[in-house]
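S.K.: Sequence order for the protein chains is A and B.
The numbering of the first sequence is the working numbering, which starts it at 1 and goes up by one.
The numbering of the second sequence is the working numbering, which starts it at 348 and goes up by one.
Think of the CB as a built atom: it goes at the ideal place given N, C-alpha and C, for glycine as much as any other residue.
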Amino acid sequence: MDPGLRFWLRYAEEAGGLCEVGDEVALAVLPAGLQADLGLPEEVAVTADPDVAREDGALLLLPGHPALDRAAVQTLDRGDAGQTWLPWPAPTRPATEVLLARARERFPVAHGRMDGTGHAACCYAPLLRVGVVVTYAISLDHRFQEREEIWVDARTGLPVDEATRRAFESWPLLAAPDASHPYLDVDLTQAIPHAHAWLASRAASRQRALAAQVDQDRLEERARAEVYYDAALASIARRRGSATPERQALLGAQAEATRTERDRRLHEIDEQFRASHDLRPFRLHLVWAPAMRLAVHIRRGAQTYPLNLIWLLGVGAAFADLRCPSCSAAEPLIAGRDRLGCRACLT
Amino acid sequence: MSGAPAIAIVDPVPGPGRRATNGARRPLGDLGAGLPAEFATYLPLVSRLAQGEPVDAVVSGLVEEAIGVWARPGFDTFVSLPRLRFEPFDYQLRAAERVLRGMSGRAILADEVGLGKTIEAGLVLSELRLRGLATRVLALVPAGLVEQWQEELERKFALPSVVAKGPRWQPPSESFDQPVVIASLPAARRPPLRDAVTSTPWDLVIVDEAHRVKGPRSASGRLARSLHSRYLLLLTATPVENRLADLYELVSLVRPGHLGTPQQFRARHGATGAGTTLPARDLAGLRGRTREVMVRHRRSEVALMLPRRLAETLCVPPSGDEAALYDAVSQRVRHQGRGASPAQALTLRSVQRLAGSSPRALTPTLEKVGWGDLAAQSRDVATTEKARVLIELLRRHHGRDEKVVVFTAFLQTLDFLGGLIAEAGLDLALYHGSLRRAEKEAAITAFRGDTGVLLTTEAAGEGRNLQFCHVMVNFDLPWNPMQIEQRLGRIHRIGQQHDVLLTNLVTKGTLEEQILRVLEAKINLFELVVGELDMILGRVDDDFDFEKFVFAAHVDSADDAEFGARLETLGDDLAQARTDYLQTRGQIDELVTEE
């Protein structure tokens with residue numbers, strides 16, 4: 001079945017309609033709200049085949065049809081939000097000593113020593129899966145959409161590394177937890193802005209690359225227009241030089257109008273090739289990932305600074321990245337005399 | 348939901364030192380409370396997330412599908428590909444991509460004949476349409492290609508179309524699925540259709556055989572220059588015919604000013620007068636500029652090989668009754684055709700063509716026109732020699748386990764032959780325009796299966812792929828060679844694995860016999876590459892109507908000898924047109940093809 005038609009029928013069913021799919025047409029019975037919303041009657045036969053539409057009088061639902069576009073826009077507006085759990089893996093867990101050794105390797109702290117303060121404990125770590133549709137406008141003619149997704153740590157907003165994300169994406173998603181462990185706190189005020197910044201940065205980089213492809217066109221178009229208007233102005237100037245005073249005034253006005261037109265045309269060309277992009281969120285999944293929390297102290301002399309490290313379990317097992325406890329920067333840590341921080345906030 | 352945790356919100360200051368909690372349930376709106384205003388677009392999702400509901404796989408799937416429906420990727424991805432009812436060649440996709448990405452949808456598609464300029468234009472059209480960039484679309488095509496365009500758009504691209512004709516024709520009202528408007532060039536350049544098409548703001552205009560609009564002072568040229576359209580595709584295998592200025596005119600249509608003013612063009616490249624197709628100066632520069640707006644592929648570049656066409660004509664001597672009937676009808680038509688009104692001429696033309704097909708087809712029309720004596724004579728001719736030869740031919744192919752598609756122009760002849768073939772004990776499927784869609788499908792399915800013969804009117808033209816069959820019989824011959832070409836195109840196309848065998852059945856002493864002789868002898872009709880015929884006919888006269896010419900020659904001639912002489916003259920013109928065409932093709936390659 002045509003993907004657009006299949007989507008529309010599922011959409012209608014989700015909205016309380018009834019659909020029956022036949023060989024050539026599908027019959028949909030729409031609830032009152034949907035009828036009004038889509039501007040369709042209660043019963044409607046739909047198809048994606050122009051021949052069938054023409055011969056059987058069914059509604060031709062092809063991409064671009066308002067009823068199809070509206071259904072898509074409403075579905076995207078509603079979005080896809082919820083929480084989900086990754087299954088708890090087999091009971092073998094890394095020993096605390098092993099984790100500590102890996103932690104020392106992964107997070108070297110200048111001037112400090114990392115010591116464990118107890119056993120590593122199981123917990124659920126929150127990850128945020130953020131999906132957006134990016135609309136790129138590279139020129140007036142060239143507008144298109146692409147989807148982008150990112151997984152970030154829902155506590156810090158730091159991106160989940162690629163290997164871990166890929167591993168988690170291949171796991172089944174559960175509608176309820178299959179183990180009873182504590183949950184780490186979620187901080188969407190950190191997670192969303194950082195996720196958004198990552199997505200926006202990717203989009204900006206793609207926009208730059210795309211804009212560079214058409215910039216030559218813009219420059220050529222501008223050059224052509226400039227040559228054209230320069231020639232027109234030069235011609236007016238020549239004629240003006242040998243014209244009577246009365247005609248000189250006329251030619252002066254004509255030159256002025258030509259200059260105005262030139263500016264307008266050049267502005268138009270720049271507008272035509274002005275690139276922009278826009279992000280439209282459609283997905284927010286809070287993914288509870290099986291993890292182990294390792295409480296450590298960073299010691300510098302008599303000073304100790306407590307720190308919790310999160311080890312994400314699974315195929316691509318790794319520590320979740322850390323932010324500086326003082327300034328939130330994602331930078332290597334330094335044990336200062338009076339606080340734990342990064343180079344920027346300790347100097 | 349049992350076991351699902353409420354989501355806890357923490358103070359906005361982040362830090363890894365916080366302890367893990369089981370999370371205290373917080374009011375629903377809190378999750379987004381600390382979000383800066385610039386992230387307001389996330390709030391509806393945050394608010395739903397805060398309700399603590401699990402991810403709904405159905406909703407996730409629906410959202411994915413919605414993105415597929417709503418989002419339009421860049422022109423490096425063809426959104427229309429899944430909708431096509433055929434598989435385009437790579438070079439056709441590349442051409443469409445170049446037009447969309449590099450030429451902003453204004454281009455000259457100048458492939459050699461037979462490489463699918465229509466397909467490339469259809470791909471561009473489909474992409475623009477699916478992206479909502481081209482709702483109002485006009486295709487200006489030669490009169491003889493209107494139906495072919497309609498068929499290609501519907502069958503290959505699933506795009507509905509409507510033919511613009513009649514004095515009260517109006518463009519379709521604004522709606523997403525308004526059909527592509529197809530207008531014949533001769534009709535569109537005359538009022539009132541001209542006024543209707545020139546006053547409509549089109550999104551895309553496609554001009555097929557666009558060399559016909561190159562002259563800015565010709566009626567077609569003036570029409571093309573008065574159309575308003577954001578995107579413009581000019582399709583021609585001969586962007587230059589007699590003079591370099593042809594190229595300048597076409598390029599200036601798609602991108603005004605691209606080659607400068609006429610004076611600048613002349614100054615840069617030398618003479619542009621008649622007979623001068625290559626620039627005197629700066630050929631490389633002109634090639635470069637032309638490539639920016641023109642796509643041209645040569646057959647040799649795309650390695651597109653079609654099997655051979657092997658044609659034979661069986662000239663069947665008629666029985667005495669048949670010959671007498673044909674002569675009587677021809678004499679009556681010739682006599683009454685002189686001074687006939689256009690409507691009468693149309694009827695007489697039809698009578699003459701029916702006489703070349705079968706008495707069964709002829710009789711009802713003779714009755715309608717009131718020629719009772721001839722109708723009675725026709726009724727007495729129960730069968731024909733040509734029909735007998737057909738049955739022999741079909742038996743021979745049946746013995747070789749070869750499928751055969753038999754074309755006739757007339758439904759009554761189809762009925763007549765259907766009866767004879769069935770009597771001969773041969774399986775056959777019938778296909779004609781009056782069948783319902785399902786019946787047509789069933790006929791093609793049967794023919795693809797065990798049925799050995801498909802007996803069809805021109806309706807089988809409608810884009811049916813019959814490449815699984817390589818034998819074709821023309822029981823009667825259309826007077827218009829383009830129609831013969833279209834019949835052949837059903838089996839002589841990409842995907843055909845065998846040499847195509849074509850048998851033309853003509854009755855000795857008929858107009859058809861003479862037409863066929865001229866077409867074969869003068870332009871080697873059956874060995875032309877697909878599309879070349881149109882180039883040749885177009886060179887005789889832009890709006891040359893072969894069928895009209897034949898009828899007029901028949902009526903205006905004192906006898907068959909004179910008719911033969913007139914056809915001979917036409918044949919000479921066609922032969923010259925073919926020579927000119929081949930010569931032009933070489934010059935174009937030199938001028939615009941990439942090295």
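Between which residues of its own chain and A221 (chain A) is the CB-CB distance below 7 Å, once the five residues before and five after are set aside?
M.R.: Residue mapping note: residue 221 (chain A) aligns to position 221 of the first sequence, counting from 1. Note on residue identity: the sequence assigns Glu, not Ala, to residue 221 (chain A). Answer for E221 (chain A): I269, listed in chain order.
S.K.: With DSSP as the reference, label G376 (chain B) as helix, strand or coil.
M.R.: What you label residue 376 (chain B) is simply residue 29 of the second sequence in a count that begins at 1. Unreliable positioning characterises G376 (chain B) in this predicted model, as indicated by a pLDDT of 47, which lies under 50. A coordinate reading is not provided.
S.K.: In chain A, which residues lie with their C-beta within 7 Å of the C-beta of I553 (chain B)?
M.R.: As a working mapping, residue 553 (chain B) is identified with position 206 in the second sequence. Per Cβ cutoff of 7 Å: no residues; I553 (chain B) is ~17 Å from chain A at best.
S.K.: Excluding the five sequence neighbours on either side, which residues of its own chain have a C-beta within less than 7 Å of the C-beta of A346 (chain B), listed in chain order?
M.R.: An answer regarding residue 346 (chain B) cannot be provided, because it is not within the stretch 348 to 942 covered by chain B.
S.K.: Using C-beta distances below 8 Å, list every residue in its chain close to A234 (chain A), excluding the 5 sequence neighbours before and after it, in chain order.
M.R.: Here the question's residue 234 (chain A) lines up with position 234 in the first sequence. Around A234 (chain A): no qualifying Cβ.
S.K.: DSSP state of P538 (chain B), grouped into three classes?
M.R.: In the second sequence, the residue the question calls residue 538 (chain B) occupies position 191. P538 (chain B) falls in the coil class under three-state DSSP.
S.K.: In chain B, which residues lie with their C-beta within 8 Å of the C-beta of Y422 (chain A)?
M.R.: Any property of residue 422 (chain A) remains undetermined from this structure, which presents chain A solely from 1 to 347.
S.K.: State whether the stretch 20-34 of chain A contacts the stretch 2-12 of chain A, with contact taken as three or more CB pairs (one from each stretch) at a distance under 8 Å.
M.R.: As far as the Cβ criterion goes, the stretch 20-34 of chain A touches the stretch 2-12 of chain A, which means the pair count is three or higher.
S.K.: In chain order, what residues of the stretch 185-200 of chain A put their CB closer than 7 Å to some CB of chain B?
M.R.: Of all residues in the stretch 185-200 of chain A, D185, V186, D187, L188, T189, Q190, I192, P193 and H196 have a Cβ within less than 7 Å of some Cβ in chain B.
S.K.: Throw me the rounded Cβ distance for the R378 (chain A) and V133 (chain A) pair, which I believe falls under 8 Å.
M.R.: Nothing can be reported for residue 378 (chain A): it is not among the residues displayed for chain A, which extend from 1 to 347.
S.K.: Put A339 (chain B) into one of helix, strand or coil per three-state DSSP.
M.R.: With chain B covering 348 to 942 only, the question about residue 339 (chain B) has no answer from this structure.
S.K.: Here's the rule: buried if 16 or more other CB atoms are within 10 angstroms of the residue's CB, otherwise exposed. What is A871 (chain B)?
M.R.: The residue given as residue 871 (chain B) occupies position 524 in the second sequence. The displayed chain sequence assigns Asn, not Ala, to residue 871 (chain B). By the neighbour-count rule (16 or more Cβ atoms within 10 Å), N871 (chain B) is not buried but exposed.
S.K.: Counting only the same chain and skipping the five closest in sequence on each side, list residues whose C-beta sits under 6 Å from that of G918 (chain B).
M.R.: What you label residue 918 (chain B) is simply residue 571 of the second sequence in a count that begins at 1. These residues qualify, in order along the chain: V865 and K869.
S.K.: With a threshold of 9 Å between beta-carbons, can S451 (chain B) be considered close to chain A, or not?
M.R.: Here the question's residue 451 (chain B) lines up with position 104 in the second sequence. Chain A, which has a Cβ nearer than 9 Å to the Cβ of S451 (chain B), makes this yes.
S.K.: Between L251 (chain A) and the rest of its own chain, which residues show a CB-CB distance below 7 Å, the 5 nearest in sequence each way excluded?
M.R.: In the first sequence, residue 251 (chain A) corresponds to position 251, counting from 1. Excluding positions up to five away in sequence, the list reads I236, R239, R240 and A243.
S.K.: Taking C109 (chain A) as the reference, which of A:A137, A:L199 and A:L340 has the closest Cα?
M.R.: What you label residue 109 (chain A) is simply residue 109 of the first sequence in a count that begins at 1. This sequence places Val at residue 109 (chain A); Cys is not what is there. If we check each option's Cα against that of V109 (chain A), A:L340 comes out closest.
S.K.: Is the number of C-beta pairs between the stretch 722-729 of chain B and the stretch 774-790 of chain B that are closer than 8 Å three or more?
M.R.: The answer is no - the stretch 774-790 of chain B does not touch the stretch 722-729 of chain B, with fewer than three Cβ pairs under 8 Å.
S.K.: Is S705 (chain B) near F763 (chain B), with beta carbons less than 9 Å apart?
M.R.: Working through the second sequence from its first residue, we reach residue 705 (chain B) at position 358. Working through the second sequence from its first residue, we reach residue 763 (chain B) at position 416. Cβ atoms of S705 (chain B) and F763 (chain B): closer than 9 Å.
S.K.: In whole angstroms, give me the CA-to-CA distance for D414 (chain B) and M292 (chain A).
M.R.: As a working note, residue 414 (chain B) is residue 67 in the second sequence. As a working note, residue 292 (chain A) is residue 292 in the first sequence. First, the amino acid is wrong: residue 414 (chain B) is Ile here, not Asp. So the two alpha carbons sit approximately 36 Å from each other.
S.K.: Just to confirm before moving on: does the CB-CB distance between R323 (chain A) and R300 (chain A) stay below 9 Å?
M.R.: Locating residue 323 (chain A) in the first sequence gives position 323, where the first residue counts as 1. Locating residue 300 (chain A) in the first sequence gives position 300, where the first residue counts as 1. Contact: no.
S.K.: Anything in chain B within Cβ reach of V73 (chain A), meaning under 9 Å, just list it in chain order.
M.R.: Taking the first sequence and counting its residues from 1, the one referred to as residue 73 (chain A) is at position 73. Those within 9 Å of V73 (chain A) in chain B are A413 and W417.
S.K.: So which residues of chain B does H277 (chain A) contact, with C-beta pairs closer than 8 Å?
M.R.: In the first sequence, counting from the first residue as 1, residue 277 (chain A) sits at position 277. The premise fails here: H277 (chain A) is roughly 12 Å from chain B at the closest Cβ pair, so nothing lies under 8 Å.
S.K.: Using a Cβ cut-off of 9 Å (strictly closer), state whether F282 (chain A) contacts chain D.
M.R.: Of the protein chains in the structure, A and B, none is chain D.
S.K.: Please go through the stretch 428-511 of chain B and give each complete alpha helix (DSSP H) segment of 4 or more residues, from N-terminal end onward.
M.R.: Fully enclosed alpha helix (DSSP H) runs of 4 or longer: 437-444, 464-477 and 493-504.
S.K.: Determine, using beta carbons only, whether V227 (chain A) and W198 (chain A) come nearer to each other than 9 Å.
M.R.: To locate residue 227 (chain A), count along the first sequence from 1; it is residue 227. To locate residue 198 (chain A), count along the first sequence from 1; it is residue 198. No, these two residues do not count as a Cβ contact at 9 Å.
S.K.: Determine, using beta carbons only, whether L477 (chain B) comes closer than 9 Å to chain A.
M.R.: Within the second sequence, residue 477 (chain B) is the residue found at index 130, counting from 1. Closer than 9 Å: yes.
S.K.: Do you know whose CA, among A:I192, A:E149, A:A330 and A:H65, lies nearest L5 (chain A)'s CA?
M.R.: Taking the first residue of the first sequence as 1, we reach residue 5 (chain A) at position 5. Nearest C-alpha to L5 (chain A): A:H65.
S.K.: Using a Cβ-Cβ distance under 9 Å, would D403 (chain B) count as near chain A?
M.R.: Locating residue 403 (chain B) in the second sequence gives position 56, counting from the first residue. For D403 (chain B), the answer is yes, since a Cβ of chain A falls inside 9 Å of its Cβ.
S.K.: Check each candidate in B:L914, B:D907 and B:A908 and name the one with the smallest Cα separation from K895 (chain B).
M.R.: By 1-based counting over the second sequence, the position of residue 895 (chain B) is 548. Taking only the C-alpha atoms, the option nearest K895 (chain B) is B:L914.
S.K.: Let me know the secondary structure DSSP gives D278 (chain A) once reduced to three states.
M.R.: For this step, residue 278 (chain A) is matched to residue 278 along the first sequence. It is a strand residue.
S.K.: Use the C-beta contact count for Q83 (chain A): other C-beta atoms within 10 angstroms, 16 or more gives buried, fewer gives exposed.
M.R.: Sequence index remark: in the first sequence, residue 83 (chain A) carries index 83 (1-based). Buried.
S.K.: Just the Cα atoms here: how many angstroms apart are L921 (chain B) and L880 (chain B)?
M.R.: Mapped onto the second sequence, residue 921 (chain B) falls at position 574. Mapped onto the second sequence, residue 880 (chain B) falls at position 533. Taking the straight line joining both Cα atoms gives about 9 Å.
S.K.: Any idea if P507 (chain B) is buried or exposed, counting beta-carbon neighbours within 10 angstroms, 16 or more meaning buried?
M.R.: Translated into positions along the second sequence, residue 507 (chain B) becomes position 160. The residue in question, P507 (chain B), is buried, as its Cβ has 16 or more Cβ neighbours within 10 Å.
S.K.: Which residues of chain B have a Cβ atom closer than 8 Å to the Cβ of F7 (chain A), listed in chain order?
M.R.: Within the first sequence, residue 7 (chain A) is the residue found at index 7, counting from 1. The answer, in chain order, is L409, E412, A413, G415 and V416.
S.K.: Given a threshold of 16 other Cβ atoms within 10 Å of its Cβ, counted over all protein chains shown, does E501 (chain B) qualify as buried or as exposed?
M.R.: Within the second sequence, the letter at position 154 stands for residue 501 (chain B). By the neighbour-count rule (16 or more Cβ atoms within 10 Å), E501 (chain B) is buried.
S.K.: So I455 (chain B) packs on V601 (chain B), CB below 8 Å; how close in whole Å?
M.R.: Sequence index remark: in the second sequence, residue 455 (chain B) carries index 108 (1-based). Sequence index remark: in the second sequence, residue 601 (chain B) carries index 254 (1-based). Right, the Cβ-Cβ distance comes to about 6 Å (below 8 Å), so this counts as a contact.
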